[in-house]
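Numbering (the numbering used here), first residue to last: 64 to 583.
All remarks here apply to the structure that follows.
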Amino acid sequence: MRQRLSKSFVAGLLALGAAPALAQPDAGTLYKTHCASCHGETRLGGIGPALLPGNLRRLKSTRAAKVIAKGRAATQMPGFADKLDDDEIATLASFIYTPPAAAPKWDTADIDESRDVTAPPVPVSVPAYEADPLNLFVVVETGDHHATILDGDRFEPIARFGTRFALHGGPKFTPDGRYVFFMSRDGWVMKYDLWALAVVGEVRAGINSRNIAISKDGLHLAVANYLPHTLVILKTEDLSIEKIFKVADRKGVSSRVSAVYQAPQRNSFIAALKDVPEIWEIATDPNAPPVFGGLVHSHEKGMVEGLATSSGLFALRRIETAEPLDDFFFDPAYRHLIGSTRGGQSAIVVNLNVGRDIARIDLPGLPHLGSGIAWTYKDRPVMATPHLKEGRLTVIDLADWSVIKTIETKGPGFFLRSHDNTPYAWTDVFFGPNRDLMHIIDKRTLEVTKTLKPAPGKTAAHVEFDRDGSHAIVSIWDMDGAIVIYDAKTLEEVKRIPMSKPSGKYNVWNKITFSRGTSH
Ligand code: DHE
64 MRQRLSKSFV
74 AGLLALGAAP
84 ALAQPDAGTL
94 YKTHCASCHG
104 ETRLGGIGPA
114 LLPGNLRRLK
124 STRAAKVIAK
134 GRAATQMPGF
144 ADKLDDDEIA
154 TLASFIYTPP
164 AAAPKWDTAD
174 IDESRDVTAP
184 PVPVSVPAYE
194 ADPLNLFVVV
204 ETGDHHATIL
214 DGDRFEPIAR
224 FGTRFALHGG
234 PKFTPDGRYV
244 FFMSRDGWVM
254 KYDLWALAVV
264 GEVRAGINSR
274 NIAISKDGLH
284 LAVANYLPHT
294 LVILKTEDLS
304 IEKIFKVADR
314 KGVSSRVSAV
324 YQAPQRNSFI
334 AALKDVPEIW
344 EIATDPNAPP
354 VFGGLVHSHE
364 KGMVEGLATS
374 SGLFALRRIE
384 TAEPLDDFFF
394 DPAYRHLIGS
404 TRGGQSAIVV
414 NLNVGRDIAR
424 IDLPGLPHLG
434 SGIAWTYKDR
444 PVMATPHLKE
454 GRLTVIDLAD
464 WSVIKTIETK
474 GPGFFLRSHD
484 NTPYAWTDVF
494 FGPNRDLMHI
504 IDKRTLEVTK
514 TLKPAPGKTA
524 AHVEFDRDGS
534 HAIVSIWDMD
544 GAIVIYDAKT
554 LEEVKRIPMS
564 KPSGKYNVWN
574 KITFSRGTSH
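Written out as C-alpha cells, the structure reads:
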C-alpha cells in the first residue's frame with residue numbers, strides 16, 4: 064500500500080513537471096526485496112523452491128502471477144497483493160522465467176554444504192509400531208508437500224511428515240525395506256527411516272532433478288539432473304558424494320539426464336540422456352568386468368570425472384543409439400529396454416547385452432513407457448503402456464515386439480498398475496473430460512471389464528496394490544483429495560482416507576521385489 068501511495072505521489076510530481084523522486088523498482092530489486100529471503104539471492108531456492116525457468120516448466124506464468132498475488136495454500140508462500148501492484152507482480156512473474164545472467168552452478172562443494180545427516184530422535188533396532196514393515200505404503204501428498212506412512216493391512220496412517228516442495232518420481236527403498244529416499248524437483252534428496260519413523264538426512268544433489276535410483280545392494284543412490292548436466296552418486300548411508308559424472312557424449316556434447324533406473328539383474332544403473340544419442344550403464348558391482356570401461360575413449364578423461372576406471376564400481380558403458388531415447392520400460396529380465404523416440408510416434412527396443420537397437424515399434428500418441436507393466440498372456444510375455452496423447456493402451460509381445468492389441472480408453476492415461484495375484488490391470492484417464500474415470504482391464508481377455516468413477520469431477524489417478532495384491536488403492540488428485548481402497552477381487556470400495564493431492568503411493572514389498580505390475 065505504501066508503494067502505491069508513493070507511486071501516485073510520483074505521478075502527481077510528474078504532472079507538475081517535477082523530476083520523479085522515486086522510480087518503479089526494477090525486477091532485480093523487487094526480487095531482492097520480496098523473494099530472495101526464501102527463494103535465495105541467486106534464485107536457487109531456500110525455504111521456497113528454486114525460481115529458474117527450468118524449475119518452473121510445470122507452472123504457467125499467469126498462474127505464477129496468481130501465486131505471487133495470493134500465496135500458495137498449505138505452504139509458507141504468502142500473498143503479496145497488499146504489498147505489490149499488478150505491474151510489479153507481472154514484472155516479478157516475468158523475471159523468474161528469465162534465465163539468470165550466469166548459468167547457476169551446483170558442484171561438489173555446494174552439495175557437501177547442503178548435506179545434513181541426523182540420527183533419529185529415538186533410535187530403534189526393530190520397527191516402532193505393530194504394522195508389517197514390508198506392507199507399508201508411502202503416500203506422497205503433493206498438495207501440501209507431505210508424505211504419509213500407511214499400514215497396508217489395516218489401511219490406517221501411522222505417520223505424516225513434511226517434505227520438500229514438489230516431490231517427483233517414485234521414492235526408492237533399501238532392499239531390506241528399512242529406509243526410503245525421496246527426491247524433489249529442486250534436487251533435494253531426503254532419507255527417511257521407516258522403522259524409527261523419522262527423517263534422518265537431506266542433501267541437495269542438483270538444481271533441477273528428475274529422479275533417483277538405488278543400487279541393488281542398497282549402498283548407492285543415483286540422482287539424475289537436468290541442471291547441472293550431472294549424474295550424482297551418493298552413499299546411501301550418509302548421503303555423501305561418491306562420484307559426479309559430468310554428462311556428455313563421446314564427442315563432448317553435454318546432456319541433461321532424463322532419468323536413472325536400477326537394473327537389478329545387471330547390478331547396474333541405466334540412465335536415459337535427453338540431448339545425446341547414448342544410454343549409459345553404470346556398474347554398481349565392485350567386481351564389474353572391464354567391459355564397462357572398454358567403450359570409454361581416453362580423450363574423455365579430462366571431460367568426464369571418474370572415467371579413469373574402466374571396470375569395477377561405477378565403471379561406465381556407453382550404448383550408442385540412432386537417436387536420443389527417453390522414458391524407458393525394461394523387460395522383467397532387464398535384457399531389453401524400450402525407449403520412446405523424440406517425436407513420440409514410435410519406440411526403439413535396445414538389447415542391453417549386445418548394446419544396440421534391435422527393433423522399432425510403431426507407437427503413435429506418445430507412449431508413457433515408464434508406466435508400462437508386464438505379465439503373461441496366453442503363455443506369452445507381454446507388456447502394456449498407456450499413451451499421453453491418445454486414449455488407448457497398447458499391448459506388446461515381449462518375445463517378438465509385435466503389437467498384440469490396442470485397448471480403447473475414455474482418454475489419454477498416465478499410470479497403469481497390476482499385481483501378479485490379480486487378473487486385472489488398472490489404468491487412469493488422466494487427461495480430458497473423463498479424468499475422473501478409472502478403467503479396469505482383464506489381463507486374460509485384454510478387454511475393459513469395469514470403469515469406476517471414484518469421485519465425480521475429480522481426477523482419479525495412480526494405483527498401487529498391497530503386498531498380496533488383495534487391495535488396490537486409487538488416488539483422488541485434488542487438494543481436497545483422498546485415497547480410495549478397493550477390494551481387488553470384488554472391485555468394491557472398502558475405505559476412503561482424505562489426503563492432500565496424493566500424487567503417488569508405493570508399497571514397500573512390491574517395490575523391493577520388483578513386482579512386474581508396478582513401477583521400479
Ligand atoms: Fe513424472 C515418475 C518423467 C510429468 C508424476 N516421471 C516419473 C519418472 C519419470 C518421469 C522419468 C520415473 C521416475 C522414477 O519413478 O524413478 N514426468 C516425467 C516427465 O518427463 C514429465 C512428462 C514431464 C516433467 O515435467 O517432468 C512428467 N509426472 C509428471 C507430472 O505432471 C506428474 C503427473 C505430476 C507431478 O508430480 O509432477 C508426474 N511421475 C509422477 C509420479 C511418478 C512419476 C507420481 C512416480 C510413478 C510411480 O508410480 O512410480
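Think of the CB as a built atom: it goes at the ideal place given N, C-alpha and C, for glycine as much as any other residue.
Alpha carbon to alpha carbon, what distance is there between residue j and residue i?
| i | j | result |
| --- | --- | --- |
| residue 562 | residue 579 | 27 Å |
| residue 103 | residue 164 | 15 Å |
| residue 283 | residue 331 | 10 Å |
| residue 432 | residue 221 | 33 Å |
| residue 419 | residue 447 | 23 Å |
| residue 254 | residue 178 | 11 Å |
| residue 352 | residue 374 | 5 Å |
| residue 303 | residue 317 | 25 Å |
| residue 187 | residue 525 | 33 Å |
| residue 550 | residue 557 | 6 Å |
| residue 371 | residue 97 | For residue 371, the pLDDT reaches just 42, beneath the cut-off of 50, and the residue's location in the model is therefore unreliable, although a value from the coordinates is still provided. Residue 371 and residue 97: Cα-Cα distance of roughly 47 Å. |
| residue 464 | residue 482 | 22 Å |
| residue 202 | residue 266 | 21 Å |
| residue 361 | residue 277 | Note on residue 361: pLDDT 39, under 50, position unreliable in the model; the coordinate value appears next. For residue 361 and residue 277, the distance between alpha carbons rounds to 28 Å. |
| residue 301 | residue 189 | 20 Å |
| residue 93 | residue 218 | 48 Å |
| residue 444 | residue 120 | 37 Å |
| residue 540 | residue 523 | 6 Å |
| residue 345 | residue 519 | 46 Å |
| residue 122 | residue 442 | 45 Å |
| residue 146 | residue 499 | 39 Å |
| residue 536 | residue 99 | 40 Å |
| residue 110 | residue 118 | 15 Å |
On the DSSP bridge assignment, give the partners of residue i in chain order.
| i | result |
| --- | --- |
| residue 469 | 457 |
| residue 389 | 403 |
| residue 409 | 425 |
| residue 311 | 317 |
| residue 267 | 251 |
| residue 528 | 535 |
| residue 297 | 284 and 304 |
| residue 246 | 252 |
| residue 200 | 213 and 570 |
| residue 515 | 501 |
| residue 549 | 535 and 556 |
| residue 343 | 334 and 381 |
| residue 325 | 332 |
| residue 277 | 284 |
| residue 510 | 505 |
Span of the alpha helix (DSSP H) holding residue i?
| i | result |
| --- | --- |
| residue 130 | 124-133 |
| residue 377 | Where residue 377 is concerned, there is no enclosing alpha helix (DSSP H), given that its DSSP letter is neither H nor E. |
| residue 94 | 90-97 |
| residue 153 | 149-158 |
| residue 176 | 171-177 |
Taking the beta strand (DSSP E) that residue i belongs to, which residues open and close that run?
| i | result |
| --- | --- |
| residue 332 | 331-336 |
| residue 490 | 487-491 |
| residue 594 | For the chain, the structure presents residues 64 to 583; residue 594 sits outside this window and is missing. |
| residue 439 | 436-440 |
| residue 234 | Unbroken run through residue 234: none, as it is neither H nor E. |
| residue 449 | 443-449 |
Next on the checklist: Tell me whether the segment 211-221 and the segment 279-295 touch, counting them as touching only if at least three CB pairs, one residue from each stretch, are closer than 8 Å.
Outcome noted: no
Checklist entry - Are there three or more Cβ pairs, one per stretch, closer than 8 Å when the segment 309-321 is compared with the segment 333-343? => result yes
Checklist entry - Within the chosen definition, does the segment 222-237 reach the segment 145-152 through at least 3 CB pairs nearer than 8 Å? => result no
Item to check | Cβ contact check for the segment 164-184 and the segment 528-542: 3 or more pairs under 8 Å | outcome: no
Checklist entry - Is the segment 385-405 touching the segment 318-326 in the sense that three or more CB pairs, one from each, lie closer than 8 Å? => result yes
Item to check | Any 3 or more C-beta pairs closer than 8 Å across the segment 469-481 and the segment 493-509 | outcome: yes
Checklist entry - Does the segment 262-274 come close enough to the segment 192-199 to have 3 or more Cβ pairs within less than 8 Å? => result no
Checklist entry - Is it true that the segment 400-410 meets the segment 421-441, where meeting means three or more beta-carbon pairs spaced less than 8 Å apart? => result yes
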